Structure formats: C-alpha cells, structure tokens
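So the sequence lines, in the order shown, correspond to chains Y and L.
Using the numbering used here, count along the first sequence one by one with no gaps and you end on 310.
Using the numbering used here, count along the second sequence one by one with no gaps and you end on 310.
All residues carry an ideal CB built from backbone N, CA and C; glycine is no exception.
Small disclaimer: the values here were computed from a predicted structure and weren't measured.
Number of protein chains: 2
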Amino acid sequence: EEIVVRGVTEDLDQVKVSIVGVPDRPGIAAKVFESLTGEDICVDMIIQSSARRTKKSRAINDISFTVKRQDAEKTKKILETLRRRLNAKEVIIKENIAKVSIVGSGMRTHSGVASRMFSALARKGINIEMISTSEIKISCVIEKKNVKKAVEALAKEFNL
Amino acid sequence: EEIVVRGVTEDLDQVKVSIVGVPDRPGIAAKVFESLTGEDICVDMIIQSSARRTKKSRAINDISFTVKRQDAEKTKKILETLRRRLNAKEVIIKENIAKVSIVGSGMRTHSGVASRMFSALARKGINIEMISTSEIKISCVIEKKNVKKAVEALAKEFNL
Ligand SMILES: C[C@@H](O)[C@H](N)C(=O)O
Ligand SMILES: C[C@@H](O)[C@H](N)C(=O)O
Numbered sequence: 151e152e153i154v155v156r157g158v159t160e161d162l163d164q165v166k167v168s169i170v171g172v173p174d175r176p177g178i179a180a181k182v183f184e185s186l187t188g189e190d191i192c193v194d195m196i197i198q199s200s201a202r203r204t205k206k207s208r209a210i211n212d213i214s215f216t217v218k219r220q221d222a223e224k225t226k227k228i229l230e231t232l233r234r235r236l237n238a239k240e241v242i243i244k245e246n247i248a249k250v251s252i253v254g255s256g257m258r259t260h261s262g263v264a265s266r267m268f269s270a271l272a273r274k275g276i277n278i279e280m281i282s283t284s285e286i287k288i289s290c291v292i293e294k295k296n297v298k299k300a301v302e303a304l305a306k307e308f309n310l
Numbered sequence: 151e152e153i154v155v156r157g158v159t160e161d162l163d164q165v166k167v168s169i170v171g172v173p174d175r176p177g178i179a180a181k182v183f184e185s186l187t188g189e190d191i192c193v194d195m196i197i198q199s200s201a202r203r204t205k206k207s208r209a210i211n212d213i214s215f216t217v218k219r220q221d222a223e224k225t226k227k228i229l230e231t232l233r234r235r236l237n238a239k240e241v242i243i244k245e246n247i248a249k250v251s252i253v254g255s256g257m258r259t260h261s262g263v264a265s266r267m268f269s270a271l272a273r274k275g276i277n278i279e280m281i282s283t284s285e286i287k288i289s290c291v292i293e294k295k296n297v298k299k300a301v302e303a304l305a306k307e308f309n310l
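Given below as structure tokens:
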C-alpha cells in the first residue's frame, strides 16, 4: 500500500490522565475503563506500555489516556477512588497539553513517517510526552504552548 | 458516526521491544526510530506513555514498540548500542507475545468498545501487556499462549 500523508491535525481539547503504579494483573484495565464508561466520559487515546517491577519485585504498570477538558474533574474523582481501591501510587492529570497528529494511510511505522515526525518536533526542541501510532494516524502529545510550532514544523516536513 | 465493530484480528508475527529509562528530553524518540528506519526494520505499533522521575528527580521514560520476529535480533543489537550512548537502563525484548485487535470504525473510546474488550480478556484471566487505540483499531498485546482464548472471547463479546 502506498504511503500517503494527508494532513496535520491538532487537538487542544484533551487533557492527559495517568493512573500510576497499578498492579499488573488481569482485570485492572477493565476496571479503569468500566468506571469511566459508566459515567459517559469521552476517552480519546489509551496508551499502556510495558510493565515494570517494584523493589519488592511486584509487577506494576501505568495506564495513560486522554479525555476532553470538560471531563477532567470528574475523571480525577473517579480515578482517585479507584486508586485507593487498587492501592495504586497516584493519579496525575496534566492539562496544558495538545495532541498533534499526522493523518494519512499506509503509514505502517517502517515507512519512516514516524521517525520523520519525531525528528521534526525534536529539531524545534519540542518534548514528546506520549506516542500512539496506527496505519492512519500517528499522534504525539506535547505541551500546549508548543502546538503552533509543532504544526508548522510538521506541515513543513511533510509538504502540507 | 455509528460505532461498528467489524472483526477481531490476531498478529503472531510481532515481538515486543522496550528501551527502558531513556532521558525524557527532545530528540530521544527521534534517535530511537531513526536508528531503526535506517536499517529497514519494520516497526508496527509504537507506544510511549507518560514520563516518570528517578530518585534524583531526573525525568525518564520508556519507549515500547513491536517489530516483526525476523527483525528481533537486529533490533536488539541496534538498541543496545543506543542504550549505552543514552545511558538508558535496559533493552527488553519479549518474544512470546501476540497482538489481538478489534477492528471497525467510529470506535472512539467513549463508545465503551475498549472497556468491553478489556473486560472480555480479563474474564479469561488474560493479562494485558500493552494497549494502543485508534478510531479503527483497538489493540492489546498479550502472551502468545493466550491468543486462541483471547480471539474466542472477543468474537463472542462482539458477536463476530
Ligand atoms: C495494567 C493492566 O493493563 C493489567 N495488565 C490488565 O490486564 O488489566
Ligand atoms: C522519551 C522521548 O519520547 C522524549 N520525550 C522525546 O521527546 O524524544
């Protein structure tokens, strides 16, 4: 399939939420998202990377996701309750973020589109906080203050 | 947009790679993927969740991704070299994994498809190692031995 990069998009209506240090065992991700779905909260991207071990060799993980700004308060309350139940480390909400994405098709990561995107942001000194990829969209969460610079850099890199 | 779940897919040709404890500063993600793109390595999903702090309050992060099995050895060598250069903690390769995905459209996570997927896997006692979502695909990395059980559970949950 041909690699086509069609556009750059920005989303300023997301906040980043992480529940940190949850037990890495079956059923945890399910509990987190059932608690939100039940409350009609709009979750955009969900990202969970590989687990790690605590000093006592317990397997733990962090689950990060983004929700609409209007849902930040409610999400925080729900997750704080869950955090106590699961004995997780903490709940972090970061509001000053933006999601920038390259959209297109055939963008399997070996095509180099992802590394070009990361390099374009790096050259502007923009730190990448979260990454999520699919064939049609490669998204990076960055600080909100950098969004204009990021979109310009990406439009330039991909001739858009 | 209407939520449509069209199918369950499995990918047994992926291995999970993580470079753990890289400095969380601009340019690191770019370096990681430039080093792989340059070697023609086929990267499938890239996942990076939120950064954390070391005891000395240095910001670090882990970058996880999957590559084709045939590229595992080469990837390991490239990343080990990079790990030393970046003074990152470790490179972890896990081969006994499978990626299972729900594919469809309009699957923004608030639709509840993601939490139903996680719950279906949890009910079978299947641990979810990595999560990545998009409008058209929600993917979970699990242990390879669980793939048959996972696909059956998902097909049942979504009437496929
Ligand atoms: C951390 C969380 O994803 C857990 N591994 C689960 O399967 O639910
Ligand atoms: C960790 C890595 O993604 C880093 N934050 C970067 O921007 O490259």
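Exercise. Please state if the CB of Y:S185 and the CB of Y:L232 are separated by a distance shorter than 8 angstroms.
Key: yes
Exercise. Find the nearest neighbour of L:R258 within the set Y:I286, Y:D194, Y:V291, Y:V167, judged by alpha-carbon distance.
Key: Y:D194
Quiz item: Between which two residues does the alpha helix (DSSP H) containing Y:F308 stretch?
Solution: Where Y:F308 is concerned, there is no enclosing alpha helix (DSSP H), given that its DSSP letter is neither H nor E.
Quiz prompt | Opening and closing residue of the alpha helix (DSSP H) in which Y:E230 lies | solution = 222-236
Quiz prompt | Near-chain L residues of the segment 190-221 of chain Y - C-beta to any C-beta below 8 angstroms | solution = D190, I191, C192, V193, D194, M195, I196, I197, Q198, S199, S200, A201, R202, D212, I213, S214, F215
Quiz item: Cα separation between L:E222 and L:K295?
Solution: Per the sequence shown, residue 222 of chain L should be read as Ala rather than Glu. Their backbone Cα atoms lie some 19 angstroms apart in a straight line.
Quiz item: With a CB to CB cut of under 6 angstroms and the five nearest residues on each side skipped, what residues in its chain are close to L:K239?
Solution: V170, G171
Quiz item: Does the beta carbon of Y:D174 come closer than 8 angstroms to any beta carbon on chain L?
Solution: yes
Exercise. Could you confirm whether any beta carbon from chain Y is found closer than 8 angstroms to the beta carbon of L:G262?
Key: yes
Exercise. Mind checking the segment 271-302 of chain L against chain Y and listing, in chain order, the residues whose C-beta falls within less than 9 angstroms of any C-beta there?
Key: L271, A272, R273, K274, G275, I276, N277, I278, E279, M280, I281, S282, T283, S284, E285, I286, K287, I288, S289, C290, V291
Quiz item: How about the segment 194-211 of chain L and the segment 268-286 of chain Y: do they share at least three Cβ pairs that are nearer than 8 angstroms?
Solution: yes
Quiz item: Y:V291 to Y:G254, Cα distance in whole Å?
Solution: 18 angstroms
Quiz item: DSSP puts Y:V217 in a beta bridge; with which residues?
Solution: Y:V165, Y:V193
Quiz item: Quick one: which chain L residues come within Cβ less than 9 angstroms of Y:R258?
Solution: C192, V193, D194
Quiz item: Measuring from the CB of L:N312, is there a heavy atom of ligand 1 at a distance below 7 angstroms?
Solution: Since the displayed chain L opens at 151 and closes at 310, residue 312 of chain L lies outside it and no answer follows.
Quiz item: Y:E184 versus chain L: which residues are under 7 angstroms apart at the beta carbon?
Solution: S265, S269
Quiz item: Mind checking whether the beta-carbon of L:N246 lies closer than 7 angstroms to any heavy atom of ligand 3?
Solution: The model on display carries ligand 1 and ligand 2 but not ligand 3.
Quiz item: Is the beta carbon of Y:G177 within less than 7 angstroms of some heavy atom of ligand 1?
Solution: yes
Quiz item: Which term fits Y:S207, buried or exposed, when burial requires 16 or more other beta carbons within 10 angstroms of its beta carbon?
Solution: exposed
Quiz prompt | Integer Cβ distance of Y:F308 from Y:I252, believed to fall under 8 angstroms | solution = 7 angstroms
Exercise. Anything in chain L within Cβ reach of Y:G177, meaning under 7 angstroms, just list it in chain order.
Key: A272
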